[in-house]
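2 protein chains.
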Amino acid sequence: MQRRAEVTRNRILEVAEIEFSEKGFYGSRVDEIANKAGVNKALIYKYFGSKEELYETIFSIVYERFSKLERQLISVEGLDFKSRMRRFVELDFLFLKENPTYVRMLMWENLNNAKYYKEKRLGNTKSVILEGLDQLLDDAKKEFDVPEEVTAKQILLTIYGCGFNYFSNSATMMGFLGDDMMDDSILKERIDSVVNMIMAYITGGKSD
Amino acid sequence: MQRRAEVTRNRILEVAEIEFSEKGFYGSRVDEIANKAGVNKALIYKYFGSKEELYETIFSIVYERFSKLERQLISVEGLDFKSRMRRFVELDFLFLKENPTYVRMLMWENLNNAKYYKEKRLGNTKSVILEGLDQLLDDAKKEFDVPEEVTAKQILLTIYGCGFNYFSNSATMMGFLGDDMMDDSILKERIDSVVNMIMAYITGGKSD
DNA sequence: TATAAAAGTAACCAAATAGTTACTTTTTGG
DNA sequence: CCAAAAAGTAACTATTTGGTTACTTTTATA
Numbered sequence: 000m001q002r003r004a005e006v007t008r009n010r011i012l013e014v015a016e017i018e019f020s021e022k023g024f025y026g027s028r029v030d031e032i033a034n035k036a037g038v039n040k041a042l043i044y045k046y047f048g049s050k051e052e053l054y055e056t057i058f059s060i061v062y063e064r065f066s067k068l069e070r071q072l073i074s075v076e077g078l079d080f081k082s083r084m085r086r087f088v089e090l091d092f093l094f095l096k097e098n099p100t101y102v103r104m105l106m107w108e109n110l111n112n113a114k115y116y117k118e119k120r121l122g123n124t125k126s127v128i129l130e131g132l133d134q135l136l137d138d139a140k141k142e143f144d145v146p147e148e149v150t151a152k153q154i155l156l157t158i159y160g161c162g163f164n165y166f167s168n169s170a171t172m173m174g175f176l177g178d179d180m181m182d183d184s185i186l187k188e189r190i191d192s193v194v195n196m197i198m199a200y201i202t203g204g205k206s207d
Numbered sequence: 000m001q002r003r004a005e006v007t008r009n010r011i012l013e014v015a016e017i018e019f020s021e022k023g024f025y026g027s028r029v030d031e032i033a034n035k036a037g038v039n040k041a042l043i044y045k046y047f048g049s050k051e052e053l054y055e056t057i058f059s060i061v062y063e064r065f066s067k068l069e070r071q072l073i074s075v076e077g078l079d080f081k082s083r084m085r086r087f088v089e090l091d092f093l094f095l096k097e098n099p100t101y102v103r104m105l106m107w108e109n110l111n112n113a114k115y116y117k118e119k120r121l122g123n124t125k126s127v128i129l130e131g132l133d134q135l136l137d138d139a140k141k142e143f144d145v146p147e148e149v150t151a152k153q154i155l156l157t158i159y160g161c162g163f164n165y166f167s168n169s170a171t172m173m174g175f176l177g178d179d180m181m182d183d184s185i186l187k188e189r190i191d192s193v194v195n196m197i198m199a200y201i202t203g204g205k206s207d
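Below is the structure:
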């Protein structure tokens, strides 16, 4: 592929990512993607074959960014357990804040019963994350008296649940929170709360 | 409106709820809704005016079910604070499990920047919920030494976040959890974990 | 039971949309 | 510098889709 073609291809990808994340597969129009990319529609079919394959390509790219984050999460650094846990939660929230297209594409994907997610066998990093969190918990057990029921799985569900939901449902949450949920200080409060809650859970309240 | 008309109208509503929750506004086809309801398409326009108004009607109906739950949540019963908190979380999880169309419609709605949610000024019950949770917290303060940073807002975000996300993202979570997330014992484990975590947070680990 | 109103339908339309074909322009290597 | 290959386009098609119109059937009641 020539230089010019790569530039054009990337322009299509950029535009299509925004379109698909905003409107989903059904809501997006190939004509509109072509127009916004300043390109003839036929070129999209030449490069990507079909609307569906274009969508798949975009989803893989966007999901890969999250996979990269997960690889960071498994070896999170910090002086003690709490600061490592804080960093873990912070990295997750920060990623979600800075990657709204990921949040939206994962929502579309879940509404579509994770069709492409399953097809491409993504989510295999998850067991790696669980192992990493398990090791983190082992370290916690040296510092604190961790209750038996505390598992990496439950903690991950809590962090991912609180994190993802904060951003995915912000439109319907906005109203009742009143605040600007994307405001840095509000966000910091939320992160602090999640960290402290998890710490209380893990340490049985004897963390300080 | 005659008896027959009401039956027909309800049949359309039932079918449309499934269609819209499964495929969203753009993915749903008026023709298909008409076919599945065993009705001529023109009748849908006679009753509801447009595809958009039909969607709005459905969304209001589905959201009202959640509003009803919230009215239950504010006056949750129980012997002590922990059992009331448990009941609160249980009711939320149970509702989400039994109302998959609500979960999906709220996801569509959030992807649509809460257009109808805002238009219809839904979510006004949220401040009522916050007040209810505040009163629950006041009761907790009689029993336990509750840290200052603990607020109704943060607890609600945690419960709603963990609850909603568990169901909304189950398709992409399934893979890494391995289990059947809808299995009663797995679900009970999750609820227990959320309750215990919140209790540890609120009581500073001195709940038992 | 006659009739008016309500319930319901067949068949159509205009616009939109995914995808294709035959063509022109640009780039590059010998 | 020129021919072949790659990049890119204009204009088309078949189908789908939201929406409408003119019509028939059913129901209730005076």
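So the sequence lines, in the order shown, correspond to chains A and B. Following numbering that gives the first Met the number 0, the numbering of the first sequence begins with 0 at its first residue and continues without gaps. Following numbering that gives the first Met the number 0, the numbering of the second sequence begins with 0 at its first residue and continues without gaps. The C-beta atom is built at its ideal place from N, Cα and C for all residues, glycine as well.
Asked                                                                                                                                                                                       : Found
Quick one: give me the first and last residue of the alpha helix (DSSP H) that leucine 78 of chain A is part of.                                                                            : That residue, leucine 78 of chain A, is in no alpha helix (DSSP H); it is neither H nor E in DSSP.
According to the neighbour-count rule (16 or more other Cβ atoms, all chains shown, within 10 Å of its Cβ), is glutamine 153 of chain A buried or exposed?                                  : buried
For glycine 23 of chain A and tyrosine 115 of chain B, which I take to be in contact (beta-carbon distance under 8 angstroms), what is that distance rounded to the nearest angstrom?       : Actually they are not in contact, since the Cβ atoms of glycine 23 of chain A and tyrosine 115 of chain B sit about 16 angstroms apart, beyond 8 angstroms.
At a cut of 8 angstroms, does the stretch 151 to 166 of chain B reach the stretch 135 to 155 of chain A through at least three beta carbon pairs?                                           : no
When we look at the beta-carbon of methionine 84 of chain A and count the other beta-carbons within 10 Å, is it buried (16 or more) or exposed?                                             : buried
With 7 angstroms as the limit, tell me which residues of the stretch 161 to 175 of chain B have their beta carbon closer than that to any beta carbon of chain A; keep them in chain order. : Cys161, Phe163, Asn164, Tyr165, Ser167, Asn168, Ala170, Thr171, Gly174, Phe175
At least one CB of chain A closer than 8 angstroms to the CB of leucine 53 of chain B: is that the case?                                                                                    : no
Nearest to lysine 187 of chain B by alpha carbon, out of B:Phe47, B:Gly177, B:Gly162, B:Tyr54?                                                                                              : B:Gly162
So is alanine 139 of chain A buried or exposed if we call it buried at 16+ other beta carbons inside 10 Å?                                                                                  : buried
By the 10 Å Cβ neighbour count, where 16 or more other Cβ atoms means buried, how is glutamate 63 of chain B classified, buried or exposed?                                                 : exposed
Exposed or buried, which one is glutamate 16 of chain B when buried takes at least 16 other CB atoms within 10 Å?                                                                           : buried
Hey, could you find the ends of the alpha helix (DSSP H) alanine 139 of chain B is sitting in?                                                                                              : 124 to 142
Would you mind telling me which residues of chain B sit closer than 8 angstroms to arginine 103 of chain A, beta carbon to beta carbon, in chain order?                                     : Leu110
So which residues of chain A does methionine 84 of chain B contact, with C-beta pairs closer than 7 angstroms?                                                                              : Those within 7 angstroms of methionine 84 of chain B in chain A number zero; the least Cβ separation is about 13 angstroms.
Using a beta-carbon distance below 8 angstroms, is leucine 135 of chain A in contact with chain B?                                                                                          : no
Listing by chain order, which chain A residues have their CB less than 8 angstroms from the CB of methionine 181 of chain B?                                                                : Those do not exist, as methionine 181 of chain B stays about 14 angstroms from chain A at its closest Cβ, beyond 8 angstroms.
So, is the C-beta of serine 126 of chain A closer than 8 angstroms to a C-beta in chain B?                                                                                                  : yes
Could you spell out where the alpha helix (DSSP H) holding lysine 152 of chain A opens and where it closes?                                                                                 : 151 to 167
For chain A, check one thing: does any of its Cβ atoms lie closer than 8 angstroms to the Cβ of leucine 90 of chain B?                                                                      : no
Going by alpha carbons, who is nearest to isoleucine 197 of chain B out of B:Leu42, B:Tyr159, B:Asn112?                                                                                     : B:Tyr159
What does the Cβ neighbour count give for valine 194 of chain A, buried or exposed, with the cut at 16 atoms within 10 Å?                                                                   : buried
Compare the C-alpha of glutamate 51 of chain B against each of B:Gly177, B:Glu118, B:Arg70 and name the closest.                                                                            : B:Glu118
Give the straight-line distance between the Cα atoms of glutamate 130 of chain B and serine 74 of chain B, rounded to the nearest whole angstrom.                                           : 11 angstroms
Straight-line CA distance for isoleucine 43 of chain B to glutamate 21 of chain B?                                                                                                          : 19 angstroms
Closer than 8 angstroms by C-beta to glutamate 55 of chain B: which residues in its own chain qualify, once you throw out the five before and the five after it? Chain order, please.       : Tyr115, Glu118, Lys119
With a Cβ-Cβ cutoff of 8 angstroms, do arginine 10 of chain B and alanine 36 of chain B count as a contact?                                                                                 : yes
What does the Cβ neighbour count give for aspartate 144 of chain B, buried or exposed, with the cut at 16 atoms within 10 Å?                                                                : exposed
Where does the unbroken alpha helix (DSSP H) through asparagine 34 of chain A begin, and where does it stop?                                                                                : 29 to 35
Please state whether the Cβ-Cβ distance between leucine 95 of chain B and leucine 72 of chain B is less than 8 angstroms.                                                                   : no
Please report whether the beta-carbon of asparagine 98 of chain A lies at a distance below 8 angstroms from any beta-carbon of chain B.                                                     : no
Helix, strand or coil for asparagine 109 of chain A? Go by DSSP, reduced to three states.                                                                                                   : helix
Buried or exposed for alanine 113 of chain A, going by 16 or more other Cβ atoms inside 10 Å?                                                                                               : buried
What is the DSSP secondary structure of lysine 96 of chain A, counted as helix, strand or coil?                                                                                             : helix
Compute the distance between the beta-carbons of methionine 104 of chain A and serine 167 of chain A, then report whether it is under 8 angstroms.                                          : no
How about threonine 171 of chain B and asparagine 109 of chain A: are their beta carbons less than 8 angstroms apart?                                                                       : yes
Does the Cβ-Cβ distance between glycine 122 of chain A and glycine 177 of chain B come in under 8 angstroms?                                                                                : no
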